[in-house]
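Trainee: Handing you this structure, nothing more for now.
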Amino acid sequence: MKITVSLIKADVGGWPGHVKVHPKLLEIAREELEKAKKEGLIIDYFVFNAGDDLQLLMTHTHGVDNSKIHELAWNTFVKAAEEARKLKLYGAGQDLLSEAFSGNVRGMGPGVAEMEFEERPSEPLIVFAADKTEPGAFNLPIFRIFADPFNTAGLVIDPRMHKGFKFHIMDVYEGKIIELSSPEEMYDILALIGQPGRFVIKYIYSKDPEIGIAASISTERLNLIAGKYVGKDDPVCLIRAQHGLPAVGEILEAFAFPHLVAGWMRGSHHGPLLPVPLKYSQCTRFDGPPRIISLGFQLSNGKLVGPVDLFDDPAFDYTRMKAMEIADYIRRHGPFEPHRLSAEEMEYTTLPKVLEKLKDRWRKVGPEAKKAWAAGELTESHE
Ligand code: F6R
Ligand code: MG
Ligand code: MG
80 MKITVSLIKA DVGGWPGHVK VHPKLLEIAR EELEKAKKEG LIIDYFVFNA GDDLQLLMTH
140 THGVDNSKIH ELAWNTFVKA AEEARKLKLY GAGQDLLSEA FSGNVRGMGP GVAEMEFEER
200 PSEPLIVFAA DKTEPGAFNL PIFRIFADPF NTAGLVIDPR MHKGFKFHIM DVYEGKIIEL
260 SSPEEMYDIL ALIGQPGRFV IKYIYSKDPE IGIAASISTE RLNLIAGKYV GKDDPVCLIR
320 AQHGLPAVGE ILEAFAFPHL VAGWMRGSHH GPLLPVPLKY SQCTRFDGPP RIISLGFQLS
380 NGKLVGPVDL FDDPAFDYTR MKAMEIADYI RRHGPFEPHR LSAEEMEYTT LPKVLEKLKD
440 RWRKVGPEAK KAWAAGELTE SHE
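The sequence shown runs 80 to 462 under my numbering.
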């Protein structure tokens, strides 16, 4: 049976500030998706939050980019945003960049990760959702899961994984995509994805055509869509596991290292990615640190059997301690790079408005200033 998994998310209002989703919004989303399930549009759903992002996980048989499914998500976000306005939640409706739905939520604000595949006799599905970071935050762990034998033992041991995987990498500035093959083109892959603000892993495919797609990551970058700062993009990711694909534990292993990602306070700072259980899916210290949750399901004819809250485990305590040590260290840099993002990334924040104020106060120095002084073009000495 061919199943489509769609994970569509949006920030339609925070409580308080940008901390988390209000329970009333989760309730509205559950009501809407329950109706759609009863009407037979979707097979199953699970509603949850990643910090201040409302997450709609849905299964159905309509394929990816289906307008009915996208419309269901859009209308659900619109309803939740209405409630957010009533409660005067923070930034109510912030990710709904368009007035009306036009066939597909891509490019309209919400983030989307979808995949369609033939459900295997047993189909483990791992869902990740991060807050206060960008889609490229998944580059490092996804590379480690599907290409690094020091992370994924199956790449060496399992003959079905020995050939490696295909990486589809998107240039989010140019809106282009490239397919590269691992391990043959591993260094080319790294040459791109080491710049996570621009090159983002979008899909992973198994080289076994019977398995097909293995992972899908949301790559929407709101700032590039809106042309101004509208928060970070808080990405989501779907990964199929086991039996010719990385084991659940190989997938989770990649998150045992709290790597530095872009986002955090004002979408302007690097910080460690903190794996947390759902109960801690709320951004507090310095609006963060950037957090990620992971939910495990078994699919049963499209039904979502689960979730298991996978980071709710002492096995990740050490990672969390390490992450907080890194958070503490990097925070002491205050407004300095590399805690603050590079100038190129800061263009999409409110910093350029501050710099604009200073633009007439710069004075020339050096030979240019001397020439201008001699020519009487300057009223005061500039050197
Ligand atoms: C990060 C984020 C927050 C806000 C910050 C300031 O993605 O959304 O860190 O940038 O709380 O928000 P405003 O400018 O709305 O007061
Ligand atoms: Mg927010
Ligand atoms: Mg968010």
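Think of the CB as a built atom: it goes at the ideal place given N, C-alpha and C, for glycine as much as any other residue.
#1: Check residue 217 in the structure and name its three-state DSSP category.
#2: Decide if residue 94 is buried, meaning its Cβ has at least 16 other Cβ atoms within 10 Å, or exposed.
#3: When you compare only the Cα positions, how much space is there between residue 300 and residue 258?
#4: DSSP three-state call for residue 426: helix, strand or coil?
#5: So, for residue 281: in the same chain, excluding its five sequence neighbours on each side, which residues have a beta-carbon less than 8 Å away from its beta-carbon?
#6: Evaluate contact between the segment 371-382 and the segment 393-412, counting only Cβ atoms and requiring at least three cross-stretch pairs below 8 Å.
#7: Does the beta-carbon of residue 97, which I'm using as the reference point, lie nearer than 8 Å to any heavy atom of ligand 2?
#8: Note down, one range per segment and in chain order, each beta strand (DSSP E) of at least 3 residues found wholly within the segment 239-267.
#9: Grab the span of the alpha helix (DSSP H) containing residue 396 for me, first residue to last.
#10: Strictly by DSSP, which residues pair up with residue 88?
#11: Within the continuous beta strand (DSSP E) that includes residue 199, where are the two ends?
#12: For a test of the three-state rule: what should DSSP assign to residue 312, helix, strand or coil?
#13: If you measure from the CB of residue 407, is any heavy atom of ligand 2 nearer than 8 Å?
#14: Is residue 90 near ligand 2, with its Cβ less than 8 Å from a heavy atom?
#15: What beta strand (DSSP E) runs, 3 residues minimum, are completely inside the segment 330-360?
#16: What three-state label does DSSP hand residue 544 in the structure shown?
#17: Near residue 340, what residues of its chain come up, given a Cβ to Cβ distance below 6 Å and the 5 sequence neighbours on each side ignored?
#18: Would you give the residue range spanned by the beta strand (DSSP E) that residue 370 belongs to?
#19: Does the beta carbon of residue 173 fall short of 8 Å from some heavy atom of ligand 2?
#20: Since residue 112 and residue 135 should fall inside the 8 Å C-beta cutoff, what is the C-beta to C-beta distance between them, to a whole number of angstroms?
#21: Hey, is residue 94 close to ligand 1, as in C-beta under 8 Å from one of its heavy atoms?
#22: If I follow the unbroken alpha helix (DSSP H) through residue 382, where does it start and stop?
#23: Helix, strand or coil for residue 232? Go by DSSP, reduced to three states.
#24: Give me the Cα-Cα distance between residue 348 and residue 342, rounded to the nearest whole angstrom.
#25: Whole-angstrom Cβ separation of residue 384 and residue 376, contact assumed at under 8 Å?
#26: Report the partner residues of residue 279 according to the DSSP bridge assignment.
#27: Consult DSSP for residue 112 and reduce its assignment to one of helix, strand or coil.
#28: Per DSSP, residue 327 is paired with what?
#29: Using alpha carbons as the reference points, say which of 439, 455, 346 and 127 lies closest to residue 421.
#30: Can you tell which of 227, 177 and 289 has the C-alpha that lies nearest to the C-alpha of residue 261?
#31: Nearest to residue 222 by alpha carbon, out of 315, 283 and 251?
#32: Going by C-alpha distance, which of 199, 416 and 331 is nearest residue 380?
#33: From what residue to what residue does the alpha helix (DSSP H) around residue 152 run?
#34: How would you write the range of the beta strand (DSSP E) that residue 293 sits in, first residue to last?
#35: Between 131, 109, 130 and 129, which has its C-alpha nearest residue 123's C-alpha?
#36: Measure the beta-carbon distance from residue 205 to residue 318 and round it to whole angstroms, keeping in mind my assumption that it falls under 8 Å.
Mentor: Concretely, from the data shown:
#1: helix
#2: buried
#3: 20 Å
#4: coil
#5: 247, 248, 249, 256, 295, 296 and 298
#6: no
#7: yes
#8: 244-250 and 255-261
#9: 396-410
#10: 134 and 190
#11: Neither: residue 199 is in no beta strand (DSSP E) and is coded neither H nor E.
#12: coil
#13: no
#14: yes
#15: 339-342 and 348-351
#16: Any property of residue 544 remains undetermined from this structure, which presents the chain solely from 80 to 462.
#17: 212, 216, 352 and 369
#18: 370-379
#19: yes
#20: 6 Å
#21: no
#22: Not the alpha helix (DSSP H): residue 382 falls in the beta strand (DSSP E), residues 382-388.
#23: coil
#24: 5 Å
#25: 6 Å
#26: 249
#27: helix
#28: Paired residue(s): none; residue 327 is not in a bridge.
#29: 346
#30: 227
#31: 283
#32: 199
#33: 146-165
#34: 292-296
#35: 109
#36: 5 Å
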